[in-house]
Amino acid sequence: MKYSIFAVLREGLRGGKGWTPAWREPEPKAHYDAVIVGGGGHGLATAYYLAKEHGLTNVAVVEKGYIGSGNVGRNTTIIRSNYLLPDNTHFYEWSMKLWEGLEQDFNYNAMVSQRGVLNLYHSDAQRDAYVRRGNAMRLAGVDAELLDADGVRSMAPFLDFNNARFPIQGGLLQRRGGTVRHDAVAWGFARGADSRGVDILQNTEVTGIRVETGRAVGVETTRGFIRAGKIGLACAGNSSRVAAMAGLRLPIESHVLQAFVSEGIKPAIDQVITFGAGHFYISQSDKGGLVYGGDIDGYNSYAQRGNLYIIEDVHEAGMALWPAIGRLRMLRHWGGVMDMSMDGSPIIDKTPIDGLYLNCGWCYGGFKATPASGWCFAHTIARDAPHELNAGFRLDRFASGRLIDEKGAGAQPNLH
Numbered sequence: 009m010k011y012s013i014f015a016v017l018r019e020g021l022r023g024g025k026g027w028t029p030a031w032r033e034p035e036p037k038a039h040y041d042a043v044i045v046g047g048g049g050h051g052l053a054t055a056y057y058l059a060k061e062h063g064l065t066n067v068a069v070v071e072k073g074y075i076g077s078g079n080v081g082r083n084t085t086i087i088r089s090n091y092l093l094p095d096n097t098h099f100y101e102w103s104m105k106l107w108e109g110l111e112q113d114f115n116y117n118a119m120v121s122q123r124g125v126l127n128l129y130h131s132d133a134q135r136d137a138y139v140r141r142g143n144a145m146r147l148a149g150v151d152a153e154l155l156d157a158d159g160v161r162s163m164a165p166f167l168d169f170n171n172a173r174f175p176i177q178g179g180l181l182q183r184r185g186g187t188v189r190h191d192a193v194a195w196g197f198a199r200g201a202d203s204r205g206v207d208i209l210q211n212t213e214v215t216g217i218r219v220e221t222g223r224a225v226g227v228e229t230t231r232g233f234i235r236a237g238k239i240g241l242a243c244a245g246n247s248s249r250v251a252a253m254a255g256l257r258l259p260i261e262s263h264v265l266q267a268f269v270s271e272g273i274k275p276a277i278d279q280v281i282t283f284g285a286g287h288f289y290i291s292q293s294d295k296g297g298l299v300y301g302g303d304i305d306g307y308n309s310y311a312q313r314g315n316l317y318i319i320e321d322v323h324e325a326g327m328a329l330w331p332a333i334g335r336l337r338m339l340r341h342w343g344g345v346m347d348m349s350m351d352g353s354p355i356i357d358k359t360p361i362d363g364l365y366l367n368c369g370w371c372y373g374g375f376k377a378t379p380a381s382g383w384c385f386a387h388t389i390a391r392d393a394p395h396e397l398n399a400g401f402r403l404d405r406f407a408s409g410r411l412i413d414e415k416g417a418g419a420q421p422n423l424h
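In C-alpha cells:
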C-alpha cells in the first residue's frame, strides 16, 4: 500500500480496515542470492538498496531480535556532514543528500528535521580548527558558516556565554544538519525492502558462518541453515563476535555509549548544539524531551547499559553549557554498543574470505551514515568492489597505515 493523504482519508472512511502490516513475516528460504546479517538501520538500508539500485530481490535480512531493537533505536538521532577529511566529507555529504530525499524515496515519514547543527568553540585555537574544517567543507560543496558570539547568542540566548572556564566565543553551523526519528528509519527501510521482495527474518539469530574452500556459503541460524551466494555483516557492536564465526579478527573494540532523555518541556532549543569544551551534544525531541549524550564509558562491554560516572560527567558538561537544565528530571537513559575502530572511521569492504563482506567500525557516526552506508555496502556486495565513496574505508588500511583519523587522536579506539 502506498501511503498518502488520500490513503489516510480513504481508510478513515472505511474504519481503517484496509491497512496491512508494514512488512511480511516469511519463512526462511533454503537459498538466497545475498543474506544480510543484522536488521538494524545499516542492514535494512543495504537490503533496500540491493533491491532498488541493483535489482537483487532474492535477499534476506537476518535479525536475532525484532526490527529496531538494536543500535538503530539507541542513539540521539543526529544527522550531519560537517567533517574535515575528504573520505569522510564526501561520504557523509552523500548520506545527507540521501536523507533529504529519503521520505519520498521509500514512502514513509521518517520525521527528517533539518534544524541545524551548531558546534561551539571556546578558544582561539578551537576557532582556528573550526575555520579549517569549515573551509574544507565549503571546498567540498558542503554548507558551513562560522558564527561569532553574537551570532550564537541570536540563535541560542539561553546558553552560558560568560562561563568563567568555558566562555562561548562562537560556533561552526551546518544548517542542513539536524535530526531524524530513528525508529521510523528502521521501519521505513524495512517496509521499503519488503515491498521489493526482500525477506526480513526477525527473531532469527546467526549461530555460525559456514566457509568451504575459502568461500562463505551460508549461515547457521536458530531456524536452520540458510545457503547464500553472498553474506554481508552489518552487526554494529556485535561485529567482532559474528566475524569470529568465520575466523576473522577485526581491528575494533566494543564500547558502551549512553544517551539520555529529560522530562518533556515546552519548545526551548531549535538546533542540535555541541559543547566544544567537553563531549556533550543536545537537541529537543518533538515530544518535548531534551535528548543528549557524551563520551563512551571507556571500557570494553557488550552490555546495553552504562555506569554512573558517565552520567555524572555528561550532566556536568551539560550544566556548564546550559545551567537551566539542572532544574529538569532525567526521564530515562540507555546504552548502545559501539564498534569502535582504531582510527575512528568505518569499515565497508570485502573480507579475505570470498563472498563475505563487512560493514562495521562506526564509532559515534553510525546513525547519520545509515543511508549512505547501505547504499555503498549494497554497491560493494552487488559489484564485488567498493564504490569510490567507500574506497577509503578499506579493512586493510590498518595494515598499510592509510588511516582516516578525523580527530587526530591516534590508533586507539577509546580516544575516538
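For the sequence shown, position 290 matches number 298 in our numbering, and the numbering has no gaps at all. Built from N, CA and C at the ideal position, the CB exists for glycine as well.
Cβ-Cβ distance between residue i and residue j below 8 Å
{"i": "R180", "j": "N127", "result": "Checking the sequence, you will find Leu at residue 180 rather than Arg. Cβ atoms of L180 and N127: closer than 8 Å."}
{"i": "Y40", "j": "I234", "result": "yes"}
{"i": "S103", "j": "T187", "result": "no"}
{"i": "H50", "j": "N398", "result": "no"}
{"i": "H130", "j": "G334", "result": "no"}
{"i": "E111", "j": "A118", "result": "yes"}
{"i": "H424", "j": "G352", "result": "yes"}
{"i": "G76", "j": "D191", "result": "yes"}
{"i": "T84", "j": "A311", "result": "no"}
{"i": "L93", "j": "I412", "result": "yes"}
{"i": "R325", "j": "G286", "result": "Checking the displayed sequence, the identity of residue 325 turns out to be Ala instead of Arg. It is a contact, given that the beta carbons lie within the stated cut-off."}
{"i": "T378", "j": "D357", "result": "no"}
{"i": "V45", "j": "V227", "result": "yes"}
{"i": "A148", "j": "E101", "result": "yes"}
{"i": "Y124", "j": "Q182", "result": "What sits at residue 124 in the sequence shown is Gly, not Tyr. Yes."}
{"i": "P36", "j": "L209", "result": "yes"}
{"i": "T54", "j": "A242", "result": "yes"}
{"i": "F99", "j": "P259", "result": "no"}
{"i": "G185", "j": "T65", "result": "no"}
{"i": "D404", "j": "G222", "result": "no"}
{"i": "W27", "j": "E19", "result": "yes"}
{"i": "A380", "j": "L106", "result": "yes"}
{"i": "I355", "j": "G373", "result": "no"}
{"i": "P421", "j": "E261", "result": "yes"}
{"i": "R135", "j": "N90", "result": "no"}
8 Å contact criterion, which residue i and residue j should meet: CB distance rounded
{"i": "D168", "j": "W330", "result": "7 Å"}
{"i": "A198", "j": "L21", "result": "Contact flag wrong, Cβ pair sits at about 28 Å."}
{"i": "G78", "j": "A224", "result": "Going by Cβ atoms, the distance from G78 to A224 rounds to 22 Å, so no, they are not a contact pair."}
{"i": "L58", "j": "A42", "result": "6 Å"}
{"i": "N178", "j": "D151", "result": "Correcting the residue type first, residue 178 is Gly in the shown sequence and not Asn. Actually they do not touch by this definition, with Cβ atoms about 17 Å apart."}
{"i": "F166", "j": "A276", "result": "7 Å"}
{"i": "T97", "j": "M145", "result": "7 Å"}
{"i": "S270", "j": "M338", "result": "6 Å"}
{"i": "E300", "j": "Y307", "result": "According to the sequence shown, residue 300 is Tyr rather than Glu. Contact flag wrong, Cβ pair sits at about 21 Å."}
{"i": "G200", "j": "Y56", "result": "5 Å"}
{"i": "G229", "j": "V80", "result": "Checking the sequence, you will find Thr at residue 229 rather than Gly. Going by Cβ atoms, the distance from T229 to V80 rounds to 21 Å, so no, they are not a contact pair."}
Nearest residue (CA-CA) to residue i, options the options
{"i": "H62", "options": "D362, G418, A276 and F385", "result": "F385"}
{"i": "A172", "options": "S408, M327 and Y372", "result": "M327"}
{"i": "M346", "options": "D305, T65 and L339", "result": "D305"}
{"i": "H263", "options": "Q134, S349 and R337", "result": "S349"}
{"i": "V214", "options": "E220, W195, S247 and R184", "result": "S247"}
{"i": "V193", "options": "I87, P259 and V45", "result": "I87"}
{"i": "K415", "options": "A390, C371 and L256", "result": "C371"}
{"i": "G47", "options": "I290, G196 and V16", "result": "G196"}
{"i": "T359", "options": "E71, R257 and G409", "result": "R257"}
{"i": "D95", "options": "N422, G418, Q420 and R410", "result": "R410"}
{"i": "D392", "options": "Y365, A417 and K376", "result": "Y365"}
{"i": "D132", "options": "I176, D158 and Y91", "result": "I176"}
{"i": "R231", "options": "N170, M9, K72 and S408", "result": "K72"}
{"i": "R340", "options": "P29, Y74, G272 and E396", "result": "G272"}
C-beta neighbour in chain D for residue i, strict 8 Å
{"i": "G205", "result": "Given the protein chain composition of this structure (a single chain), no chain D is represented."}
query: Taking only runs of the beta strand (DSSP E) that begin and end inside the region 185-232, which ones reach a length of at least 3 residues, in chain order?
result: Complete beta strand (DSSP E) runs here, min 3: 207-209, 214-220 and 223-229.
query: When the Cβ atoms of the region 309-327 are set against those of the region 273-282, are three or more pairs found closer than 8 Å?
result: Segments in contact, no.
- request: Could you say if the region 291-304 and the region 238-251 meet the contact criterion of at least three C-beta pairs nearer than 8 Å?
  value: As far as the Cβ criterion goes, the region 291-304 does not touch the region 238-251, which means the pair count is below three.
task: Within the region 340-419, note down every full beta strand (DSSP E) run reaching 3 residues or more, in order along the chain.
output: Runs found: 355-358 and 364-368.
field: Every unbroken alpha helix (DSSP H) within the region 56-140, with a cutoff of 4 residues, ordered by chain
entry: Runs found: 94-114.
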